[in-house]
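What follows is a short report on a single structure.
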């Protein structure tokens with residue numbers, strides 16, 4: 030009953046918040062029904078991946094349009110509240126291991142072994158170390174990340190937050206929520222944060 | 303015809319040799335690479351081998367009813383192959399639903415040849431040492447639309463519905479990475495690693511992308527269909543497996559094909 034109410038109010042919110050016409054809602058409902066019928070479990074990728082959490086649903090509803098500022102603000106606040114910090118209070122791990130994680134695209138696909146640790150494929154979307162010329166451009170260049178912004182605790186924390194839950198600072202970002210969704214372990218996040226923040230990391234050379 | 307085929311076979315060998323030798327060339331722009339392959343090939347595309355095989359399958363009597371597919375109606379009337387693919391997916395009154403090419407082919411194999419739906423749908427995509435009828439038929443039929451402008455109809459309400467539902471699927475974020483097609487294909491001029499990503503919501507990019515499939519993939523030595531491309535993108539999206547011929551697959555294809563309207567169809571092509 031409680032979940033029903035939440036689902037209802039989410040629909041109401043959608044309808045009010047982004048001028049969804051009734052037929053748009055119908056297309057959405059139909060699309061979900063057809064996906065549930067057409068997709069089949071394969072490896073670790075089960076059909077329940079079609080089910081959206083509230084963020085996925087809200088972000089999808091805007092299509093190519095920008096998220097309205099008030100919605101973005103609320104969403105970012107919610108996502109910021111999901112972030113968990115390292116138990117020992119240290120943000121930085123080993124940048125060398127971070128570089129390996131940033132290179133690896135494995136994890137989450139139906140042909141990946143779920144028992145193996147996941148990578149994060151940061152290079153798919155970002156420039157990082159200068160030596161790696163095979164990088165994508167969906168996200169901004171992170172070359173000289175700490176060299177430009179500083180090596181201090183505030184920036185360390187920002188880097189942690191960003192990797193943990195990208196939507197805390199950019200509602201409906203294209204970047205996965207590596208910590209929140211459990212893609213990376215705490216130690217792995219420390220390692221990629223070190224890749225961004227360690228003065229000896231090739232990112233800051 | 304024979305001459306062309308010989309050329310294509312020779313070209314296939316040239317391509318294999320090149321791709322083996324060219325492993326280091328990863329970092330060169332993909333476009334430049336393909337230009338080199340094209341030059342090595344002359345006018346031939348190994349996909350011609352698939353096209354010829356597909357034509358043979360189309361004309362050959364098969365199944366419990368011992369019939370060929372030559373009476374199959376791909377939308378322009380029974381047996382009309384020329385230009386049919388440029389107007390697919392579309393609404394078919396005989397089944398009262400929208401179908402894409404693969405779904406229609408399954409329908410024809412079932413109704414004309416008496417093959418069971420399970421058999422007709424089974425393993426559509428080829429792999430090493432395994433050639434499929436579906437790959438060959440799709441290569442043959444799509445080639446018959448080469449040079450013809452894409453004109454996917456949207457006059458029937460079910461066509462409109464398929465398009466709108468397809469759009470929803472395109473933007474549907476889900477799974478552990480929060481990905482949708484739109485994560486990688488709704489922004490201009492971006493790439494993943496070194497691979498350029500078309501913005502499939504913009505006409506020019508959508509036209510270029512859609513009209514270039516199926517393609518002979520040099521790196522795989524196979525003709526890959528558009529449905530295969532979708533399957534591989536769903537994998538990267540961390541989604542499960544989408545059954546080809548499912549209504550969700552047809553709707554998504556409708557959205558992508560319709561966005562390509564106006565451009566001359568130009569496949570089977572050749573890709574890295």
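Protein chains in written order, with the working numbering: chain A, 30 to 234; chain B, 303 to 574.
Think of the CB as a built atom: it goes at the ideal place given N, C-alpha and C, for glycine as much as any other residue.
On a CA-only basis, which of the options is nearest residue i? Give me that one, please.
i                      : options                    : result
residue 60 of chain A  : B:464, B:505, B:424, B:515 : B:464
residue 501 of chain B : B:515, B:457, B:409, B:485 : B:485
residue 449 of chain B : B:537, B:386, B:479        : B:386
residue 550 of chain B : B:516, B:472, B:397, B:379 : B:472
residue 208 of chain A : A:188, A:225, A:200        : A:188
residue 114 of chain A : A:225, A:218, A:55         : A:218
residue 86 of chain A  : B:553, B:511, B:522, B:476 : B:476
residue 545 of chain B : A:53, A:64, A:55           : A:64
residue 420 of chain B : B:483, B:568, B:548        : B:548
residue 528 of chain B : B:367, B:572, B:478, B:375 : B:572
residue 195 of chain A : A:84, A:66, A:80, A:62     : A:84
residue 180 of chain A : A:233, A:197, A:198        : A:233
residue 143 of chain A : A:228, A:230, A:72         : A:72
Tell me whether residue i sits in a helix, a strand or coil according to DSSP, three-state version.
i                      : result
residue 476 of chain B : strand
residue 160 of chain A : coil
residue 232 of chain A : helix
residue 155 of chain A : coil
residue 458 of chain B : coil
residue 107 of chain A : helix
residue 393 of chain B : strand
residue 449 of chain B : coil
residue 366 of chain B : coil
residue 191 of chain A : helix
residue 571 of chain B : strand
residue 327 of chain B : Model confidence at residue 327 of chain B stands at a pLDDT of 40, short of 50, so the residue's coordinates are unreliable and nothing is read from them.
residue 176 of chain A : helix
residue 402 of chain B : coil
residue 496 of chain B : coil
residue 524 of chain B : strand
residue 414 of chain B : helix
residue 468 of chain B : helix
residue 242 of chain A : In the structure as shown, chain A begins at 30 and stops at 234. Residue 242 of chain A is therefore absent and cannot be evaluated.
residue 182 of chain A : helix
residue 564 of chain B : coil
residue 375 of chain B : strand
residue 380 of chain B : strand
residue 121 of chain A : coil
Is the beta carbon of residue i less than 8 Å from the beta carbon of residue j?
i                      : j                      : result
residue 426 of chain B : residue 446 of chain B : no
residue 126 of chain A : residue 136 of chain A : no
residue 451 of chain B : residue 570 of chain B : no
residue 542 of chain B : residue 78 of chain A  : yes
residue 520 of chain B : residue 432 of chain B : no
residue 164 of chain A : residue 495 of chain B : yes
residue 556 of chain B : residue 468 of chain B : yes
residue 192 of chain A : residue 162 of chain A : no
residue 460 of chain B : residue 399 of chain B : yes
residue 442 of chain B : residue 357 of chain B : yes
residue 437 of chain B : residue 428 of chain B : yes
residue 563 of chain B : residue 489 of chain B : no
residue 225 of chain A : residue 171 of chain A : yes
residue 152 of chain A : residue 537 of chain B : no
residue 349 of chain B : residue 512 of chain B : no
residue 389 of chain B : residue 378 of chain B : yes
residue 149 of chain A : residue 128 of chain A : no
residue 167 of chain A : residue 203 of chain A : yes
Need the endpoints of the alpha helix (DSSP H) that residue i sits in, please.
i                      : result
residue 353 of chain B : 349-361
residue 112 of chain A : No alpha helix (DSSP H) holds residue 112 of chain A; DSSP gives it neither H nor E.
residue 64 of chain A  : 51-67
residue 517 of chain B : Element bounds for residue 517 of chain B: not the alpha helix (DSSP H) but the beta strand (DSSP E), 517-519.
residue 226 of chain A : 215-226
residue 556 of chain B : 549-560
residue 421 of chain B : 419-423
residue 534 of chain B : 528-538
residue 505 of chain B : 505-512
residue 130 of chain A : 124-132
residue 483 of chain B : 483-487
residue 88 of chain A  : 83-90
Report yes or no: is there a C-beta of chain E within less than 8 Å of the C-beta of residue i?
i                      : result
residue 500 of chain B : In the displayed structure, chain E is absent; the protein chains listed are A and B.
Exercise. Are at least three pairs of beta-carbons, each pair with one atom in the stretch 501-514 of chain B and one in the stretch 100-109 of chain A, less than 8 Å apart?
Worked result: no
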